[in-house]
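In our numbering, the protein residues as written are 24 to 319.
We put the beta carbon where it would ideally sit given N, CA and C, even for glycine.
Computed from a predicted structure; not experimentally measured.
Below: one structure, written as structure tokens.
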Ligand SMILES: O=C(O)CCC(=O)C(=O)O
Ligand SMILES: [Fe+2]
């Protein structure tokens, strides 16, 4: 789906972090191999809710193997191909990051995909995902962001961090959906169990595109405790904003490591004007720095 440049500017400039797409809902008609995402089976039919909530409360993360079927993942991957072909060329710089500047084949990150495309908005609202954050966090949540995280062959590691440093709060959750198999070779994620109980830890700036913050002190204990999360295609990982996580570099020369990030925030964040202002200022500063450094 193509949207005009002026519409894009409008979306970027005028919308809050929780902006919703307001285009005509054409893509709601798009069927994946498994039908409309708005009619996909609810998460409660896919997992043992009680067991996963308990695990999340203990450890600060979940690993839900076989969460989506092969066909469901294939449906998302084909929509992602369309997005890359039709939407990415029109995106403003801060919504697409490439490992090699201006080389679209080296995408490492797509941002706020639900703001530009109804399929990804529908996906974040699909009963397969929407509501799972509420279950794990115990508060009413809503979709916040849909992102594409990719590691092309040879791509750098993801520095140890907590998402809460980007969120600027802890009332949310990040889900990470493996769109292909991820393992030690191509840069799977690792979680450090129970670190969410430590609260917000100190971070420093990095010069890494897409990951501008890293833990100041990724302690030896954390490194020893970190658990690798090999994830077969269709596996859904989820982590608390204060769970320390890291991903290795992609050591393969042929395999990519594509994943979709879906974040959900407590509905209470919507009315938090101070939070919105802080996000606006941070984004502005970051973009200026990236532009000055010639990275975007
Ligand atoms: O995909 C990655 O390498 C890291 C993703 C991440 O930091 C996240 O999902 O919070
Ligand atoms: Fe993260």
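Helix or strand or just coil, what does DSSP make of residue i?
{"i": "residue 162", "result": "coil"}
{"i": "residue 244", "result": "helix"}
{"i": "residue 167", "result": "strand"}
{"i": "residue 198", "result": "strand"}
{"i": "residue 315", "result": "helix"}
{"i": "residue 86", "result": "strand"}
{"i": "residue 215", "result": "coil"}
{"i": "residue 74", "result": "helix"}
{"i": "residue 44", "result": "Note on residue 44: pLDDT 46, under 50, position unreliable in the model; no value is reported."}
{"i": "residue 114", "result": "coil"}
{"i": "residue 152", "result": "coil"}
{"i": "residue 127", "result": "helix"}
{"i": "residue 304", "result": "helix"}
{"i": "residue 254", "result": "strand"}
{"i": "residue 51", "result": "Confidence at residue 51 is low in this model, with a pLDDT of 49, below 50, so its placement is unreliable and the value that follows should be read with caution. Looking at residue 51 - three-state DSSP - the assignment turns out to be helix."}
{"i": "residue 137", "result": "helix"}
{"i": "residue 230", "result": "strand"}
{"i": "residue 38", "result": "The predicted model places residue 38 with a pLDDT of 39, which falls under 50 and marks its position as unreliable, so this point remains unresolved."}
{"i": "residue 81", "result": "helix"}
Shorter than 8 Å, the distance from the beta carbon of residue i to the closest heavy atom of ligand 2, or not?
{"i": "residue 268", "result": "yes"}
{"i": "residue 229", "result": "no"}
{"i": "residue 263", "result": "no"}
{"i": "residue 184", "result": "yes"}
{"i": "residue 181", "result": "yes"}
{"i": "residue 197", "result": "yes"}
So residue i is in the alpha helix (DSSP H); what residue range does that whole segment cover?
{"i": "residue 187", "result": "187-190"}
{"i": "residue 101", "result": "93-105"}
{"i": "residue 146", "result": "141-148"}
On the DSSP bridge assignment, give the partners of residue i in chain order.
{"i": "residue 184", "result": "268"}
{"i": "residue 132", "result": "120 and 172"}
{"i": "residue 310", "result": "In the DSSP output, where bridge partners are listed per residue, residue 310 has none listed."}
{"i": "residue 225", "result": "The partner list for residue 225 (beta bridge, DSSP) is empty, contrary to what the question assumes."}
{"i": "residue 66", "result": "For residue 66, which the question treats as bridged, DSSP gives no partner whatsoever."}
{"i": "residue 284", "result": "170 and 199"}
{"i": "residue 205", "result": "254"}
So is the beta-carbon of residue i under 8 Å away from any non-hydrogen atom of ligand 1?
{"i": "residue 172", "result": "yes"}
{"i": "residue 143", "result": "no"}
{"i": "residue 245", "result": "no"}
{"i": "residue 218", "result": "no"}
{"i": "residue 252", "result": "no"}
{"i": "residue 125", "result": "no"}
{"i": "residue 212", "result": "yes"}
{"i": "residue 234", "result": "yes"}
{"i": "residue 282", "result": "yes"}
So residue i is in the beta strand (DSSP E); what residue range does that whole segment cover?
{"i": "residue 291", "result": "Unbroken run through residue 291: none, as it is neither H nor E."}
{"i": "residue 235", "result": "234-238"}
{"i": "residue 262", "result": "259-262"}
{"i": "residue 19", "result": "Residue 19 lies beyond the residue range present for the chain, which begins at 24 and ends at 319; the question has no answer from this structure."}
Measuring only between beta-carbons, confirm whether residue i sits less than 9 Å from chain B.
{"i": "residue 65", "result": "Of the chains in the structure shown, none is chain B; there is only one protein chain."}
Q) Is the stretch 205-225 touching the stretch 307-318, taking contact as three or more C-beta pairs under 8 Å? A) Counting Cβ pairs under 8 Å, fewer than three are found: no touch.
Q: Say whether the stretch 179-191 touches the stretch 229-248, bearing in mind that this needs 3 or more beta-carbon pairs closer than 8 Å, one atom from each stretch.
A: Output reads yes: the stretch 229-248 touches the stretch 179-191.
Q. Taking three-plus beta-carbon pairs below 8 Å as touching, is the stretch 59-67 in contact with the stretch 159-168?
A. In short, these stretches do not touch, since the Cβ pair count stays below three.
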